[in-house]
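Read the structure below first, then the notes.
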Amino acid sequence: MIELLRPLPEVVWLVPLLPLLALIVNGARVLLGRASGDAAEPLTARLSAVAALGSLLLLLAIDLLALLEGVPGHRVIGVWFGSGPWQGTLSFLLDGLSLSVATVCAAIGWLVVRFSANYLHREAGFHRYFIVLCLFLSGIQFVLLAGNGLLAFVGWEMCGVASFLLIGYAWQRPVATGNALFAFVTNRGGDAGFLLGLGFAAVWLGSFEWPVIVGDNSLGVASARLIALGFVLAALAKSAQLPFSPWIARALEGPTPSSAVFYGAVMVHAGVYLMLRLEPLLAQVPDVLLLLTALGALTAFYAWFCGLVQTDVKSALIFATLFQVSLMFVAIGLGWTTLATVHLCMHAAWRAWQFLLAPSWLVLAGQRPAPPPAWLRDKPVLYTLAVQRFWLDKVSYELLVQPTNAFARDVRNLEEHFLDPAIGEPGKGRAPDPERPLVRADGLPGRLLAATSDVLQRIENRLLLQGRGGTAERILKRLGGYLQTLENLLEQPRYLMLAVMATFVVIL
Amino acid sequence: MLKILVFMPVFGAALIAVLPASRPALLWRAAMAFALAALAYALWLATQFDAGGPAIQMFESRAWNARLGSHFALGVDGISLAMVLLTALLTLIAVLISRRMENSARLYFVLVLLLESAIFGVFTARDWSLFYVFWEATLIPLFFLIERLGGPNRQRAALNFFLYTLGGSVFMLVALLFLYDAAPGHSFAMADMAEGGRSLPLHTQLLIFAGLFAGFAVKMPVVPLHGWLPLAHVEAPSPVSILLSGVLLKMGAYGLIRAAETLPAALLATQDWLAVLALVSMLYGGILAWRQQDLKAMIAYSSISHMGIVLLGIATLNVTGLTGAVFQMVAHGLAAGLLFLIIGLLYQRTHSRDLADYGALLGRAPRFAFFTGFAFLAAIGLPGSAGFIGEVHALIGGFGRWGGWMLIIGLGMLIGAAYSLRVVNRLCLRGPAMELADMKRTEMAAAALLAACIVVLGFWPAPLLALVAGSVDVVARLFGG
Chain Z
1270 MIELLRPLPE
1280 VVWLVPLLPL
1290 LALIVNGARV
1300 LLGRASGDAA
1310 EPLTARLSAV
1320 AALGSLLLLL
1330 AIDLLALLEG
1340 VPGHRVIGVW
1350 FGSGPWQGTL
1360 SFLLDGLSLS
1370 VATVCAAIGW
1380 LVVRFSANYL
1390 HREAGFHRYF
1400 IVLCLFLSGI
1410 QFVLLAGNGL
1420 LAFVGWEMCG
1430 VASFLLIGYA
1440 WQRPVATGNA
1450 LFAFVTNRGG
1460 DAGFLLGLGF
1470 AAVWLGSFEW
1480 PVIVGDNSLG
1490 VASARLIALG
1500 FVLAALAKSA
1510 QLPFSPWIAR
1520 ALEGPTPSSA
1530 VFYGAVMVHA
1540 GVYLMLRLEP
1550 LLAQVPDVLL
1560 LLTALGALTA
1570 FYAWFCGLVQ
1580 TDVKSALIFA
1590 TLFQVSLMFV
1600 AIGLGWTTLA
1610 TVHLCMHAAW
1620 RAWQFLLAPS
1630 WLVLAGQRPA
1640 PPPAWLRDKP
1650 VLYTLAVQRF
1660 WLDKVSYELL
1670 VQPTNAFARD
1680 VRNLEEHFLD
1690 PAIGEPGKGR
1700 APDPERPLVR
1710 ADGLPGRLLA
1720 ATSDVLQRIE
1730 NRLLLQGRGG
1740 TAERILKRLG
1750 GYLQTLENLL
1760 EQPRYLMLAV
1770 MATFVVIL
Chain L
-19 MLKILVFMPV
-9 FGAALIAVLP
1 ASRPALLWRA
11 AMAFALAALA
21 YALWLATQFD
31 AGGPAIQMFE
41 SRAWNARLGS
51 HFALGVDGIS
61 LAMVLLTALL
71 TLIAVLISRR
81 MENSARLYFV
91 LVLLLESAIF
101 GVFTARDWSL
111 FYVFWEATLI
121 PLFFLIERLG
131 GPNRQRAALN
141 FFLYTLGGSV
151 FMLVALLFLY
161 DAAPGHSFAM
171 ADMAEGGRSL
181 PLHTQLLIFA
191 GLFAGFAVKM
201 PVVPLHGWLP
211 LAHVEAPSPV
221 SILLSGVLLK
231 MGAYGLIRAA
241 ETLPAALLAT
251 QDWLAVLALV
261 SMLYGGILAW
271 RQQDLKAMIA
281 YSSISHMGIV
291 LLGIATLNVT
301 GLTGAVFQMV
311 AHGLAAGLLF
321 LIIGLLYQRT
331 HSRDLADYGA
341 LLGRAPRFAF
351 FTGFAFLAAI
361 GLPGSAGFIG
371 EVHALIGGFG
381 RWGGWMLIIG
391 LGMLIGAAYS
401 LRVVNRLCLR
411 GPAMELADMK
421 RTEMAAAALL
431 AACIVVLGFW
441 PAPLLALVAG
451 SVDVVARLFG
461 G
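Protein sequence lines, in the order shown, are assigned to chains Z and L.
Under the numbering used here, the residues of the first sequence are numbered 1270 to 1777, in order.
Under the numbering used here, the residues of the second sequence are numbered -19 to 461, in order.
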């Protein structure tokens, strides 16, 4: 039995790959026009479910092996690319943390896929939904199992893209696409942090591997702080901690099962997971831990306070989720990582179930939701604050979006009035030579080229004997004229005789 | 073995000369047979060549004029073999597309075969006197080809070409005689002269090199000695332009590499100046090409620009640069051949070389459109075409020697892209269409053959690189590179 399990850590790459395969097959079916109508739905759903189940079973088997023989640890499967001293490897880190979280997430993923098959029956974007869901399942497993930051970042981005696509699932509605964009852009801020962390790690540590990033104690505090801050930024954005919180409330436009798996259960915990993964690094920089605690506490307050006044079930759930997640951040900040891990797994499972039930909640509860507490109702200022969610949306719009827009406008003006004419635009050029109307130049480089070519052409005309008033030709013509005269003279008998005689004189 | 290669086309020319002129199809078939035979024989020689073996192979020598010390010596190394293959291929193309020669087909085929023979002689001669004889022998068929079969300005172009090259080769002859005199041993054999030349003091070497360079620079051509080229290329009939641009120019570069073997100290001393000349040639040719609306003139000037890269590669005197030079010689031969082929066919149909007289070929003549686009993109040196490999090698080699100055190459490439894309834009993209009969089957075959060679060398340059590697090493070792 054990013998059979032992080679499994070597094929752990199958865990993220299986959903990816389902994605490819389903995508090909859609592209080839094979996926339309009711008849095609079961196959799509079944393929996705089988892939998700395959991932789950594989992880369970590896868990069993880990329980019996200890965790497999860091496995390098292959080299992705190498450039100088840096290597991007396909490596996986299988330890207690990654295996437990990945198993929970795979289980949730499989259940959600099964649930979605009925929930989305006869929806217009049925196949699209499953394709994106598979993308997400693959991405999240990359994040959780990756042995290095680079591979994790690939998964991180896959999750981001999948989240964007599912928020904008009902792309016909402008609100949905606007919210999708909002969530995506906010998350890009976190991605910048992730990249920053990776870049610093590459420069200072020469490696992207988690064990190296985490285990290197030789790093100075300042360097460690910068690396940690980069990843903390990524985690805050992904887990919607302050100041990034507003996006998650707007991310619920997608179909309910997707909300469950993204914002209720799995993706919202990715930031927490990243912090747990980097816990030894964070331990080196207590001030960053303090920051985490503070932001976590603030977010908890924010989520609790706003949650009090929510009137629809999904919003109420999302603020509850946010509250729990920020508690995990507080726990991490205080160093209680085991607690945070356990909290993460249990909260993910519980919240997935709650979110999936959300559409039937009214029926289940059988009564109206509780009104906001009296002390809040009586204080209009506090109440407005809660309803408006502290105007964070508005603040970010005023502070970031407006100035960016204005700046972009100015740059655009600059480009239109100065840069475009300077560089030259197609179809606007003037011909330096009126005889050759097709040879046209515009912009500074073009004019420079035209002027240079003018000079060179003049030189060329002189160099070539082909005329157009070239000096060489004039000289040659004059010389030719002299020779012609000489020849004419020589042709006359008297000069011919003279020449012959002269020759004889010379010979003699 | 090489004797057969050199004299087989002469035999063919003699045979065609006695065939009846009234049957052009028969003449074409005979010429094709000999051109094919020459290519097949050259390919066979290439299989016999051992890339890792001695520098000069298939060497044969017999005293020619024992008193003077000249030999009838033939032999090939990797570089000359590459050139021989290119010559055989382009001659085949030149014959292949001349199927519908309107008049004086017999004269044309005879002269082309004679020219091929002379060029083979130049590339395989292992004796400077023999080299000089073949060098001059190329002039005669070319003179008549341009003078008899060329465009409206043909007389002037032919005379111009003849005088320029003859003027250059007079200097070369004097330099060779000087070298013969200065070097001990009094032999014209390349190996002997190289040995003698290397031991000469620097100023003697410089003097001799100046003479040789004058001859080679006219042929290559290097600005400011390029005066013959635009006129000759424009006026020559298109198949002859293919040979002129594809092969004749390479004789200059090839001679320069041989001169580098003979006079290494002079090369080392003038290295930087050669690079300056190369960069000037490249920009000068490029800018003037950009200015031309006459398609043939444009390609003619672009040849100057591309040969500038070859000269730059030679000037680096290191393995990478020299490899780049040789590769670029082959690549430019193929690309310029394809360009002149296309332009020649277009000219045959429209009797105009002015870009303004052409419209979009896309709808009416898609094959033309495809090959025009392909040829111009290959001439830019797009990755995946043979030119890219050559340019990158020359660039890297030059970078090792002169660093940031190589940015000028980038500028040259940019200008090259500007004029090439102008033509592509006009002919190969949508726009006002023009009526044109599409390419015939033989024409397609010729163009496809060249295009295939360009792509194959672009994606799989290893065979050619392996072929020239040994010979390039021999040259580069003289300079400690």
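No residue lacks a Cβ here, since even glycine has one placed at the ideal position from N, Cα and C.
Beta-carbon proximity list for residue i, same chain, < 6 Å, skipping 5 on both sides
i        : result
L186(L)  : A246
L1495(Z) : F1469
L481(L)  : Only positions -19 to 461 of chain L appear in this structure, which leaves residue 481(L) out of reach.
G165(L)  : D172, G176
Cα-Cα separation between residue i and residue j, rounded to whole angstroms
i         : j        : result
L(-18)(L) : H312(L)  : 25 Å
F141(L)   : L1688(Z) : 46 Å
A1655(Z)  : Q1579(Z) : 9 Å
Y399(L)   : A269(L)  : 7 Å
L1521(Z)  : S1528(Z) : 6 Å
M200(L)   : L125(L)  : 20 Å
R1737(Z)  : N1730(Z) : Only weak support is given to the placement of R1737(Z): the predicted model assigns it a pLDDT of 46, under 50, and the value that follows is read from those uncertain coordinates. Their backbone Cα atoms lie some 7 Å apart in a straight line.
L16(L)    : L72(L)   : 6 Å
L387(L)   : G147(L)  : 34 Å
L95(L)    : T118(L)  : 6 Å
L1325(Z)  : G1458(Z) : 32 Å
G288(L)   : W1355(Z) : 38 Å
T352(L)   : A5(L)    : 28 Å
R1442(Z)  : L321(L)  : 58 Å
R79(L)    : V198(L)  : 32 Å
I1346(Z)  : E1279(Z) : 7 Å
A1617(Z)  : V1535(Z) : 6 Å
CB-CB length for residue i against residue j, believed under 8 Å
i        : j        : result
G1533(Z) : A1504(Z) : About 18 Å separates the two Cβ atoms, so there is no contact after all.
V340(L)  : M414(L)  : For clarity, residue 340(L) is Ala in the given sequence; the question names Val instead. Contact flag correct, Cβ pair sits at about 7 Å.
A316(L)  : S283(L)  : 6 Å
R1275(Z) : A1318(Z) : Not really, about 28 Å apart at Cβ, beyond 8 Å.
Neighbourhood of residue i by C-beta distance below 8 Å, restricted to the same chain and skipping five residues each side
i         : result
A10(L)    : G(-8), L(-5), I(-4), L(-1), F89
V(-14)(L) : L54, S97, F100, G101, T104
Cβ pair residue i, residue j closer than 9 Å
i        : j        : result
I1409(Z) : G1424(Z) : yes
R106(L)  : M170(L)  : yes
H213(L)  : A280(L)  : yes
N133(L)  : E215(L)  : yes
D274(L)  : R329(L)  : no
T1778(Z) : H1390(Z) : As shown, chain Z starts at 1270 and ends at 1777. That puts residue 1778(Z) outside it, with no answer to give.
S41(L)   : A26(L)   : no
F189(L)  : T145(L)  : no
L1551(Z) : V1599(Z) : no
V202(L)  : L291(L)  : yes
Cβ shell of residue i (< 7 Å), same chain only, five flanking positions each side left out
i        : result
V299(L)  : V452, D453, A456, G461
W438(L)  : Just to set this straight, residue 438(L) is Gly in the shown sequence, not Trp. Contacts found: G364, S365, A366, F368, I369.
S1514(Z) : T1568, Y1571, L1591, L1661
L87(L)   : R128
L1322(Z) : W1379
N1417(Z) : T1358, S1360, F1477, E1478, W1479
L159(L)  : M173, G177, I188
A1320(Z) : L1287, P1288, L1290, A1291, C1403
G1484(Z) : P1549
A1627(Z) : T1525, V1582, K1583, L1586
What residue ranges within the region 1361 to 1441 of chain Z form continuous alpha helix (DSSP H) runs of no fewer than 4 residues, ordered along the chain?
-> 1365 to 1388, 1395 to 1414, 1418 to 1436
Chain C contacts from the region 266 to 283 of chain L (Cβ-Cβ distance under 8 Å) | The chain labelled as chain C is not found among the protein chains of the depicted structure, namely Z and L.
Would you mind listing the alpha helix (DSSP H) stretches within the region 1445 to 1499 of chain Z that are 4+ residues and don't spill past its ends, in chain order?
-> The qualifying runs are 1479 to 1484.
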